[in-house]
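I have placed the structure first, in the form of C-alpha cells, so that the comments after it can refer back to it.
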Amino acid sequence: MARGGGYFKTTYAADLALVDTRLRRRALAAFVVALLVLPRVASPFILDLVAQTALAAIGALALNLLTGLAGQVSLGHAGFIAAGAFTTGVLIENGVRSPLVALPAAAVVGAVLGIVVGIPALRLKGLYLALGTLALHHVVLYACAEFQNHWGANTGVSIPPPAIGPWVLKGAVAWYYTLTLAAALVLALSVNLRRSRAGRAWMAIRDREIAAESVGIDVARYKVLAFVWSSAITAVAGGLFAYHRAFVSVEAFGFFLAVEYIAMIIIGGLGSALGAVLGAAFVTLLPHGLDALVAGLRLSGGAAYYLFPLKFGAFGLLMAVFLLFEPQGLVGIWRRVRNWFALWPLRYRPLRSAS
Amino acid sequence: MTQVLATTVVVASLYALLAAGYVLVYRATRVLNLAQGDMMTLGGYFLFLVATSVPGQPVRAIAGAAALSALSGFLIYRLLMRPMAGHPIFAAVLVTVTLGILLRAAIVLVYTDRIRHPLGLLGLANPARPLIGGAVVSTFDLFTVGAAAALFAALFLFLRFSPLGIQMRAAGEKPLLASQRGINFHLVFALSWALAGFAGALAGSLYASNVRLDPSLGVLGLKAFAVALVGGLDSLGGVIPGALIVALVEVLSVRYGDPLLADVSPFLCLLAMLLVRPWGLFGTKEELERV
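Residue numbers (the working numbering), protein chains in the order written: chain A, 213 to 567; chain B, 16 to 306.
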C-alpha cells in the first residue's frame, strides 16, 4: 500500500512480483482460502452466483483489455461471445465433445474474428469504430441464426456437459471451481498483459495515438493485437458460457448483452482489472439482489410482475449514475477510501520531493 | 416490381423520419443518440396516452403526442445530456444507451409489454389503397411518406431561412465561434433534441397506427442508424438517399433472399459504407478526425 513513502525495491524479483507487500500477500491468501472454503459453507445457489460472476468477469476482463487499455471502443462484444458459444455448439453437433478441443477452437475463431474486425478498425476512430463493431455484432448474430435454422433447431441447441475422458464436469461445486479458476487465470493474464510491452503500447495508444506512433510504437500492429487478445479471450468465455448454460440460442446474445459488458467495465472502472471483476460482480449480482430485496419486503399482489422492468430500469439508472457522477467507477471509490485511510488524519498526499 | 418500389419508398420514409433525429442531434452536439429508437417508441405511447384521454380525435391526439415528445426531448437534453458536456463523447453516447434502457423500462412499467393498436382509439381505419401499376399500400403508409416529405421540407426551410435555423447550423459547425458571436448554444442544442423527439414521435405514431405498438419497437432505431451513416452523419440532405438505399437493399433481400437477412442488411450497408467511405455519401470528411 502506498504510504507516501519512498520506492523501496531492492531486487529485480521484488520489482517483478505481482503481489508486493506483506499486507497484500496476506489479503490475497485470505481471499484464496475463502474461495476454497466457500463450497463447504455456502448453498449451491450462492456457488452458482459466484460461478456466474466469474464467467462474466472473464468477458469483462477481455473487454477491458480492448476498451480500457487500448482505448478501442467495442459495442460488438456480444458478437464475440456468440461466436465462441456457437463454435462450441457446432463442434459438439459434429461429434467433437471434448472441451479440450472446443475451447481452443473457440479461441482461434475469436482470434480470427478479431483480425477481421481489427484491420478495418484501423481506419476508424471513436464513434465510427463503435458503429462498425455494432454492425459486426449483427452480422455475426445473423450467421449464428442462419446456422441455428439449418440445424433444424429453431429455439437453440442443447449442449451436453463437458467431459474429459471418463470425468464429467457437472454440479454447482465443480462448475464453481472450474469457472473461478478460469477467471483467476484470465485475471493473471490480463494483469501481466497490462505490464508487458503490449499493454504499455496499448495504454500509450489510448492516451495519445500520435505521440505513441512518434515514440516508435507500431500503432496498427498493437491495435490489431488488442482486438485479437480481447476477442480470443471473449470467445473462450463464450464457449464456457455454452457449456455452463448447457444451451445455445441466438436470443441470448442481443445488443443488451454487449451493453451489460460495457456497463461492467464502466461501473467497475475503465482500465483496471480489479474494476472489471468488481463491475462483473456488481452487474451479475444486481438483479438477484433486487429479487432478494423484493422477496424481503413481502409485497403482495402484482409486485412480481413489475420486477422485470424494475430490474431493467435499475440497471439503466445505475449505469447512468456512474457515467454522470462517478466516471472512475467502483475502483475510484475504492481508491478514495484507501487513500483516506492511508493518509488519515491528513486529507492530501504530501507534496513529493524530487525523487 | 412496382410493389418493390412502393414498399421501398414507404420503408425509406420511416427510416428517414428516424434518421433525421440522429442527424439533428449529431450535427448539434456530436453525440450519437442510440436512444432514438426508444424515443420513437415513447412517441407511439404518447399517442396512445393522448388517444385514450381524447378518443376519436386523431388530429389533437397526434399534435398532443408530438408536443409531449418534443418536451421530453428537451428534458432529456436538460437533465441527462447537458451534465455530460465536457466528458468524452463516448461517455455521452453511453448515457443515451442508458436512456434507451430507462425509457423502455418506464414504458413496460406503465403500459406492460402487451401489443397495442392505438388506431381504433383514434377512430380511424387503415384501408389498403391500390396504386397505379398494381402495387398496394396501406393508407398510413401514404401518411408516412407524406409526413417524411413534409418534415424534410419544413426542416430545410427552417435551417435555410429562419434565424434560429441559421444559428443551429452555425452552432453545429463551430460551437466555440458560434458562442463567441452570442448564439445561445444550449438553447440550440436543446432545440435539436426537441426536434429529434418530434421526428421520433412522428415515426412512432405513424408506425403504431400502421402496424402495432409494443415496447420493443426501438430496434427499428438501430437500423435507421445505418441510414444516417450511409447518408453521412452530419448531413440532413444525405438522409433521403441513404434511406432509399438501405430500404431498397432490405426490401430486395427479403424478396429475393432470406427473410433473416432483413434484420442484418442495413448493417451490411453500414459496414460497406464504413469500409469504402466512412464519412458517408454526403457527410464531411473531416468529421472522422474530429471524433
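C-beta atoms are modelled at their ideal positions from N, C-alpha and C, and glycine is treated no differently.
Reference A:L277; option with closest CA among A:L401, A:F453 and A:Y388: Walking along the first sequence from the start, residue 277 of chain A turns up at place 65. Of A:L401, A:F453 and A:Y388, the residue nearest in Cα terms is A:L401.
For A:R335, which residues in chain C fall below 7 Å Cβ to Cβ? No chain C appears in the structure shown, which is made up of the protein chains A and B.
When you check each C-beta in the region 303-334 of chain A against every C-beta of chain B, which residues fall closer than 7 Å? Residues of the region 303-334 of chain A that bring their beta carbon within less than 7 Å of a beta carbon in chain B comprise P332, in sequence order.
May I ask you to verify whether the region 517-537 of chain A touches the region 70-89 of chain B, counting CB pairs closer than 8 Å and requiring at least 3? no
If you run the structure through DSSP and keep just helix, strand and coil, what is B:P145? Looking up residue 145 of chain B in the second sequence gives position 130. Residue state, collapsed to three classes: strand.
Chain A contact for B:P98 (CB, 8 Å cutoff): For the purposes of this step, residue 98 of chain B is taken as residue 83 along the second sequence, with counting starting at 1. So, interface residue.
Interface positions of the region 96-121 of chain B facing chain A (Cβ-Cβ less than 9 Å), listed along the chain: P98, M99, H102, P103, I104, F105, A106, A107, V108, L109, V110, V112, T113, L114, G115, I116, L117, L118, R119, A120 and A121
Residues within the region 262-281 of chain B neighbouring chain A, beta-carbon criterion of under 8 Å: D273, L275, L276, D278 and V279
Would you list the residues sitting across from A:F494 in a DSSP beta bridge? For this step, residue 494 of chain A is matched to residue 282 along the first sequence. A:F494 pairs with nothing; no bridge assigned.
Helix, strand or coil for B:S28, going by three-state DSSP, please let me know. In the second sequence, residue 28 of chain B corresponds to position 13, counting from 1. Under the three-state reduction of DSSP output, B:S28 falls in the helix class.
With a cut-off of 8 Å on the beta carbons, I'd call A:A444 and A:G291 a contact; round off their distance for me. Locating residue 444 of chain A in the first sequence gives position 232, where the first residue counts as 1. Locating residue 291 of chain A in the first sequence gives position 79, where the first residue counts as 1. Actually they are not in contact, since the Cβ atoms of A:A444 and A:G291 sit about 14 Å apart, beyond 8 Å.
Between A:F527 and chain B, is there a C-beta pair that is closer than 8 Å? Here residue 527 of chain A corresponds to residue number 315 of the first sequence, with the count starting at 1. At least one chain B Cβ lies under 8 Å of A:F527.
Check each residue of the region 469-482 of chain A: if its Cβ is closer than 9 Å to any Cβ of chain B, include it; give the result in chain order. V471, I474, A475 and I478
How about A:L348: is its C-beta nearer than 8 Å to some C-beta of chain B? In the first sequence, the residue the question calls residue 348 of chain A occupies position 136. Yes, its Cβ sits closer than 8 Å to a Cβ of chain B.
What residue range is occupied by the uninterrupted alpha helix (DSSP H) comprising A:V471? As a working note, residue 471 of chain A is residue 259 in the first sequence. That run of the alpha helix (DSSP H) goes F467 to G480.
Contact check, A:E266 vs A:T446, beta carbons under 8 Å: The residue you call residue 266 of chain A lines up with position 54 of the first sequence. The residue you call residue 446 of chain A lines up with position 234 of the first sequence. The sequence shown places Ala at residue 266 of chain A, rather than the Glu named in the question. Not a contact, by the Cβ cut-off of 8 Å.
Three-way DSSP call (helix, strand, coil) for A:W363 in this model: Walking along the first sequence from the start, residue 363 of chain A turns up at place 151. Here A:W363 carries a coil assignment [DSSP, helix/strand/coil].
Proximity to A:G450 [Cα-Cα], best of A:L469, A:R433 and A:V436: Taking the first sequence and counting its residues from 1, one reaches residue 450 of chain A at position 238. When only C-alpha atoms are compared, the closest one is A:L469.
Cβ pair A:A475, A:A282 closer than 8 Å: Against the first sequence, residue 475 of chain A aligns to sequence position 263. Against the first sequence, residue 282 of chain A aligns to sequence position 70. Against a cut-off of 8 Å, the Cβ pair of A:A282 and A:A475 comes out as no contact.
Are B:A157 and B:L217 closer than 8 Å when you measure CB to CB? Locating residue 157 of chain B in the second sequence gives position 142, counting from the first residue. Locating residue 217 of chain B in the second sequence gives position 202, counting from the first residue. A quick correction: the sequence has Leu, not Ala, at residue 157 of chain B. Cβ atoms of B:L157 and B:L217: not closer than 8 Å.
I need the straight-line Cα distance from A:L336 to A:N361, nearest angstrom please. Along the first sequence, one-based indexing puts residue 336 of chain A at 124. Along the first sequence, one-based indexing puts residue 361 of chain A at 149. Distance between the alpha carbons of A:L336 and A:N361: 33 Å.
Kindly indicate which three-state DSSP category A:I376 falls into: helix, strand or coil? On the first sequence, position 164 is the one that residue 376 of chain A refers to. Note: A:I376 maps to strand in three-state DSSP.
Pick helix, strand or coil for B:F297, following the three-state DSSP scheme. As a first step, residue 297 of chain B must be located in the second sequence, where it is residue number 282. Taken through DSSP and simplified to helix, strand or coil, B:F297 comes out as coil.
Can you list, in chain order, the residues of its chain with a C-beta nearer than 7 Å to that of A:A410? Leave out the 5 residues immediately preceding and following it. On the first sequence, position 198 is the one that residue 410 of chain A refers to. Within the same chain, A:A410 has close Cβ partners Y434 and L437.
Do you know how far the Cα of B:Y60 is from the Cα of B:L170? As a first step, residue 170 of chain B is located in the second sequence; it is residue number 155 there, counting from the start. As a first step, residue 60 of chain B is located in the second sequence; it is residue number 45 there, counting from the start. Taking the straight line joining both Cα atoms gives about 24 Å.
Partners in chain B for A:V431, counting only beta-carbon separations shorter than 9 Å: Translated into positions along the first sequence, residue 431 of chain A becomes position 219. Result: empty, since nearest Cβ-Cβ is about 15 Å, beyond 9 Å.
Within 10 angstroms of the Cβ of A:A241, are there 16 or more other Cβ atoms? Answer buried if so, exposed if not. Taking the first sequence and counting its residues from 1, one reaches residue 241 of chain A at position 29. A:A241 is exposed by the Cβ-count criterion.
Does B:V123 come within less than 8 Å of chain A when only Cβ atoms are used? As a first step, residue 123 of chain B is located in the second sequence; it is residue number 108 there, counting from the start. Chain A contact via Cβ: present.
Please state whether DSSP places A:V285 in a helix, a strand or coil. In the first sequence, residue 285 of chain A corresponds to position 73, counting from 1. Residue state, collapsed to three classes: coil.
Between the CA atoms of A:I477 and B:Q72 - distance to the nearest angstrom: For this step, residue 72 of chain B is matched to residue 57 along the second sequence. For this step, residue 477 of chain A is matched to residue 265 along the first sequence. Distance between the alpha carbons of B:Q72 and A:I477 is about 49 Å.
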